[in-house]
Each structure stands twice: as C-alpha cells, then as structure tokens.
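Asks:
Chains as they are written, first to last, in my numbering: chain F, 1279 to 1541; chain B, 540 to 879.
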C-alpha cells in the first residue's frame, strides 16, 4: 500500500492535446491513399476520449501521429501548446497486442521506459509500484510466454503507466481479450484514469466500450477518416451497461456508423 | 476357482503364482543390466582367454578393466535401489552398456584373436589403449594446438560476423557496401582459400586462424543479419514511445531479439570451422590433431589414427555441448528448444 500511495503522488495531471487540420496519406506503390482528412480535435487535460469508427478508417494512424511515431502530411499536433515531432514518454501507447519483449521478465518489461530514459537505477520503486497497480506483483519474475492474454495486457499497461504519462494512448488494448476479462479490465482502466488524472485517447470499434469508459466519443467516417460526430457522455462512473441513456446514445452512434437498419 | 490340471500339482501351484510375476518383474527391471555385465565379462574373457595374434602390451590390463566394468554394472543393477540417482542413470544406460560390451567383444575377437579383419588397418581395442598410455604427451600437445587454433579463429570469426551482421541489419549504408561482398565471397568454401592463404600470411598458424574465422564468420553474419532484419517493428515502436534512443534500440531491442538466430549461425559456423581446422592442420600447420592423423597415416600407425579420431570427436562434441549450454543460459525465455 505504501508503494501504491507513492505511485499516486508521482502522478502527473493530464495534458491538453490539440489536433489541427490533420491530414495524412500512405504511399502504396506510387499511388497516394488518403487515410485522414482535415481532422481537428481539441482534448482538454484529463479527458477520456474514445475514437470510434469502422475498422480500417485510420483511427490507429491518428494514434501513431499523436504518439509521434509517424509524421503527418499536413496539419499540426500539439501537446500542451508544444509541437509533437517525435515520440516522448509523456505520451505512451498501449497497442492491441501487448508486444512484451519475450526475452525480458515481467519486471524488466515494465522497467523498459525508465531504463531507456536512463533513470532506472534511482527509480526502481516505480516499477514495483506499477506492478502493484495492475495486481501482478507476484509475477515479476515470469516470462511473457507464461502469461495469459489478460495478464500480458496488464503488464503492457503497467509498462505504460510507470512513465507517468500525461497522455495515455490506447489502441484497442482490450480488442483481443475474452469478454469477461474485457469487462474487468474496462473497470480497471476507469479506476486508473480517475486516480491518475492522465488524458486518455482510446481507439475502439466497440460502441458499448466507448460509452462505458469515455466522457467524450468521437465518431469517424469511413476512410479517409473525418470527424462525423463529437458526443459528450455526461454520466457518472461507474457506469451501468443497461443505462437507458447510454443505450440511447449507443443507438445514435450505431446509426452514424450505418447500422441503423438492424437497430 | 482354480483351473489348473492335476498334473500341475495343487501344492506347488499356489507359490508359483506369487513368485512368477515377481521374477518376471525383476527380469524386466534388471535383466538388461545383468546382460550388460555378462557382455563385459565376455569382453574381458575374450581378452584373456586366447593368445593375441600380434604383440600388444595392454591386453591384460584391458581384460581386467572389462571385468571391473562388468562388476560395476552388476552391483549397480542389483543395488540400484540403494544408489539413488546413480542407480537410475545406470539403469537408463544399461542397453547402451550391453551393446558396447558386445561390440567390443566382437571387435576383440575379430582383430586380436582370429584376425578376421586385415591387421594393420583394423587394430584391436588394446592397441588404441596403448596409444593413449604410451603416446600421451604427443597427443596432448596436438589437442592443445588444435584447441588453441580453433578457439582463436572461432572467436575472431564469431565476433566479426556478429558485428557485421548487426551493422548490415541495422544500417542501409553498411548493407549497400557489405552485402555484395558477402554474396560474392561468403558461399566460397573457406578451404578454397588454402593455397592463397598459406603464402600471403606470415605463418601457417595465422593463415589457418584466418580461414577458420572466415568459415565461422559467414554463417554468423548471415544469420545475425537475418535475425536483426526480422525483428518486428512493433518492438521498436514500443521502445521509441517509451523514450528509447537509437543505441538502446540496437543494444536492448535488436540484438536480444536476434539472439536465437545468432545462435543458429554460431552452431553452423562451429561445424564448418571444424572442417577447415582439420584440413588446415593436415595441409599446412605442423601441429594439432589433423596433423597427428596425417602423421600417423604416414607411419601406418593406424591405432594412433583411431585414437586421434576418438579424441577429435569428443572435442567437437564437447564444443557443441558448450555452445548449447551457453545458449540455454542466455535464451531461458524461449520455450521448446532442442536439447543437445
């Protein structure tokens, strides 16, 4: 519990994120394939924003741009008024696959960020705290191939959180988990976000997940992705899946995604 | 109830029922061990029973040694329950011990006693033992020379190959220049360089070191390179978002991820470097086991050849065992690797 408390005091509040007239395209065999078209989103510090859209519409590309892994063709990205030009540990991504390094133990995987930044020697307690936070302290010496899918994703989450990110970028992190583990981890995500206060960007194509987790849902069009709707979800946490208000929003969102005939 | 016929005898029927499975069980459990012991007794007898057709000084000691091994096999089998892991190890190897004893007996009889096999070419076991006892200093010198040459060449080749492989895999510019050279020179068998190497290098020792390094370096380079090239981009993305610099990406991501490939390269390099070592020693270097083989053949000392071959095989096998042990240590995180 001491370690937990320490982890909390370390927490940095979330950062603001400004996405201005962002456009991006891929070059595939000489032809240009547009993936993002004039996307502008302004995210307040500490907001939990879900990005929802048909699969392959370019949501994940947007996340890569926010993370600084790729450079946009046009437009600007700003974190707390500062241009995003390259990856930085204040913006950490959790990918759909946990992509743990198989040659490192759980503890060493979580320590990755601190080690890369050269501060591991003095900050070892933060690794322990992050492992406590996701409930995997007893698996510190296990190797990734010994973990279940949910546990591996928890380790990936701890690996991100140990850096005290100002913006946590989640690229369908629960997409490959079974439905039970998924529901548990959704609750854990909300709890972590509430406790730590970081800004969260979550890509998903599950409308229900977006509504249970986020306080803002942005719906994208087909590729090239454009912002189709920006919906506030003003409901207290923990949210109930059967909430009629959410059910109503869900119907609206599915309509925007072109599924109204079936609902 | 009982369906025995009267001729079996009712009185003897009951005890036989309980004793027979016990005996069968004992035979199944210990039979092979006892047979192994018998095979080694046979070997010992085959040494001592007849007169040798030739003049070998170690026949008597070999026979005694065979009896000692037979005794160990017998007591080890009978007392397996009290010997713990040693007893279990013996039990597991008993079929091999039996085969070996039978083979040695046959060998002894076919060579030293009845001379079925033409003699100078097929020496009996005691002749090989004689080499180990009487020619030991020269043999040890050869072992030492071979190990020194092999180790030097292999370490240089492995280090250069590893560094080259990582550089090609990592840097496009290095790849542009090194890749064509590698394609042109790499597939050439290192032994093809022998004639050139022996007059361009100042000594036959440095020439051989170069050739062994070459034979090792090629597979290590190619496999390290392919290992680095096949590292998933997702690993780099993760490391970069966590604040990794390029040096971290090479040392802590690319190299550990490529290590399983590197070990395949090291294994292949070890195999081809053995071949180069032996050829180089036979042709140019005046020392080492390859030279010893050549020398023994020149004197028609066939027992020495077999003795050197056995030592060589143990050394090569030992080197590979060592490499696998290092790999198992470094790659504990991998599952399902082959046990050597």
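Where a beta carbon is used, it is the ideal one built from N, C-alpha and C, also for glycine.
Quantities reported herein were computed from a predicted structural model and do not represent experimental measurements.
Give the DSSP-derived three-state secondary structure of residue 698 of chain B in the structure shown.
Replies: As a working mapping, residue 698 of chain B is identified with position 159 in the second chain. Helix, per DSSP.
Asks: Assuming contact is defined by CB atoms lying nearer than 7 Å, are residue 770 of chain B and residue 796 of chain B in contact in what I supplied?
Replies: Position 231 of the second chain, counted from the start, is the residue given in the question as residue 770 of chain B. Position 257 of the second chain, counted from the start, is the residue given in the question as residue 796 of chain B. Yes. Within cutoff.
Asks: Residues in its own chain within less than 7 Å of residue 1342 of chain F by CB, not counting five upstream and five downstream?
Replies: Indexing the first chain from 1 puts residue 1342 of chain F at position 64. The residues are 1348.
Asks: Whole angstroms is fine: what's the gap from residue 580 of chain B's alpha carbon to residue 849 of chain B's?
Replies: Taking the second chain and counting its residues from 1, one reaches residue 580 of chain B at position 41. Taking the second chain and counting its residues from 1, one reaches residue 849 of chain B at position 310. The alpha-carbon atoms of residue 580 of chain B and residue 849 of chain B are separated by roughly 24 Å.
Asks: In chain order, what are the residue ranges of uninterrupted beta strand (DSSP E) at least 3 long that sit wholly in the segment 1444 to 1469 of chain F?
Replies: 1445 to 1449
Asks: For a test of the three-state rule: what should DSSP assign to residue 873 of chain B, helix, strand or coil?
Replies: Start at 1 with the first residue of the second chain, and residue 873 of chain B comes out as number 334. Assigned with DSSP and collapsed to three states, residue 873 of chain B falls in coil, not helix or strand.
Asks: Since residue 622 of chain B is in the alpha helix (DSSP H), which residue starts that stretch and which ends it?
Replies: On the second chain, residue 622 of chain B is found 83 positions in, with the first residue counted as 1. Element bounds for residue 622 of chain B: 619 to 622.
Asks: Which residue comes first and which comes last in the alpha helix (DSSP H) that contains residue 1403 of chain F?
Replies: As a first step, residue 1403 of chain F is located in the first chain; it is residue number 125 there, counting from the start. It spans 1402 to 1411 - the alpha helix (DSSP H) in which residue 1403 of chain F sits, taken as one unbroken run.
Asks: Within 7 Å of any Cβ in chain B, is that where the Cβ of residue 1321 of chain F sits?
Replies: Taking the first residue of the first chain as position 1, residue 1321 of chain F is located at position 43. Output row for residue 1321 of chain F: interface = no.
Asks: How about the segment 703 to 716 of chain B and the segment 737 to 755 of chain B: do they share at least three Cβ pairs that are nearer than 8 Å?
Replies: no
Asks: What does residue 778 of chain B touch in chain F if you count any residue whose Cβ is under 8 Å from its own?
Replies: Sequence index remark: in the second chain, residue 778 of chain B carries index 239 (1-based). Those are 1390, 1394, listed as they occur along chain F.
Asks: So is residue 1322 of chain F buried or exposed if we call it buried at 16+ other beta carbons inside 10 Å?
Replies: Position 44 of the first chain, counted from the start, is the residue given in the question as residue 1322 of chain F. It counts as exposed.
Asks: Tell me whether residue 1375 of chain F sits in a helix, a strand or coil according to DSSP, three-state version.
Replies: Taking the first chain and counting its residues from 1, one reaches residue 1375 of chain F at position 97. Correct three-state label for residue 1375 of chain F: coil.
Asks: In its own chain, which residues sit with a C-beta less than 6 Å from the C-beta of residue 812 of chain B, not counting the 5 before and 5 after it?
Replies: For this step, residue 812 of chain B is matched to residue 273 along the second chain. Contacts found: 693, 751, 754, 755.
Asks: Quick check: residue 1408 of chain F and residue 1440 of chain F, are their CB atoms within less than 7 Å of each other?
Replies: As a position in the first chain, residue 1408 of chain F is number 130, starting the count at 1. As a position in the first chain, residue 1440 of chain F is number 162, starting the count at 1. Pairing residue 1408 of chain F with residue 1440 of chain F gives a Cβ-Cβ distance under 7 Å.
Asks: From what residue to what residue does the beta strand (DSSP E) around residue 1320 of chain F run?
Replies: Counting from 1 along the first chain, the entry for residue 1320 of chain F is found at position 42. Per DSSP, residue 1320 of chain F belongs to the beta strand (DSSP E) from 1309 to 1321.
Asks: So, with DSSP's three-state summary, where would you put residue 1352 of chain F?
Replies: Looking up residue 1352 of chain F in the first chain gives position 74. Residue 1352 of chain F: strand per DSSP, three-state reduction.
Asks: Would the segment 769 to 788 of chain B and the segment 1388 to 1406 of chain F be scored as touching if the rule is three or more Cβ pairs under 8 Å?
Replies: yes
Asks: So for residue 1487 of chain F, helix, strand or coil by DSSP?
Replies: If you number the first chain from 1, residue 1487 of chain F lands on position 209. Reduced to three states, the DSSP call for residue 1487 of chain F is helix.
Asks: So, are the CB atoms of residue 826 of chain B and residue 684 of chain B less than 7 Å apart?
Replies: As a first step, residue 826 of chain B must be located in the second chain, where it is residue number 287. As a first step, residue 684 of chain B must be located in the second chain, where it is residue number 145. Yes, they are a contact pair.
Asks: Should residue 836 of chain B go down as buried or exposed, given a rule of 16 or more other Cβ atoms within 10 Å for buried?
Replies: Looking up residue 836 of chain B in the second chain gives position 297. Residue 836 of chain B should be labelled exposed.
Asks: Quick one, are the C-beta atoms of residue 819 of chain B and residue 670 of chain B less than 7 Å apart?
Replies: Position 280 of the second chain, counted from the start, is the residue given in the question as residue 819 of chain B. Position 131 of the second chain, counted from the start, is the residue given in the question as residue 670 of chain B. No. Outside cutoff.
Asks: I'd like the list of long-range same chain contacts for residue 630 of chain B, defined as Cβ closer than 6 Å, with 5 residues on each side in sequence excluded.
Replies: Numbered from 1 along the second chain, position 91 holds the residue referred to as residue 630 of chain B. So the list reads 619, once near-sequence residues are dropped.
Asks: Just by C-beta distance, which residues in the segment 1410 to 1438 of chain F are closer than 7 Å to chain B?
Replies: 1421, 1423
Asks: Would you tell me roughly how many angstroms separate the C-alpha atoms of residue 653 of chain B and residue 592 of chain B, rounded to the nearest one?
Replies: Residue mapping note: residue 653 of chain B aligns to position 114 of the second chain, counting from 1. Residue mapping note: residue 592 of chain B aligns to position 53 of the second chain, counting from 1. Distance between the alpha carbons of residue 653 of chain B and residue 592 of chain B is about 7 Å.
Asks: So residue 718 of chain B is in the alpha helix (DSSP H); what residue range does that whole segment cover?
Replies: For the purposes of this step, residue 718 of chain B is taken as the residue at position 179 of the second chain. Unbroken alpha helix (DSSP H) run through residue 718 of chain B: 711 to 724.
Asks: Excluding the 5 residues flanking residue 1465 of chain F on each side, which residues of the same chain have their C-beta closer than 7 Å to its C-beta?
Replies: On the first chain, residue 1465 of chain F is found 187 positions in, with the first residue counted as 1. These residues qualify, in order along the chain: 1516.
Asks: I need the straight-line Cα distance from residue 1411 of chain F to residue 1436 of chain F, nearest angstrom please.
Replies: Numbered from its first residue, the first chain carries residue 1411 of chain F at position 133. Numbered from its first residue, the first chain carries residue 1436 of chain F at position 158. Taking the straight line joining both Cα atoms gives about 7 Å.
Asks: Can you check DSSP and say which residues form a bridge with residue 1302 of chain F?
Replies: As a position in the first chain, residue 1302 of chain F is number 24, starting the count at 1. BP columns for residue 1302 of chain F point to F/1314.
Asks: Checking contacts by CB at 7 Å: is residue 768 of chain B closer than that to chain F?
Replies: In the second chain, residue 768 of chain B corresponds to position 229, counting from 1. Output row for residue 768 of chain B: interface = no.
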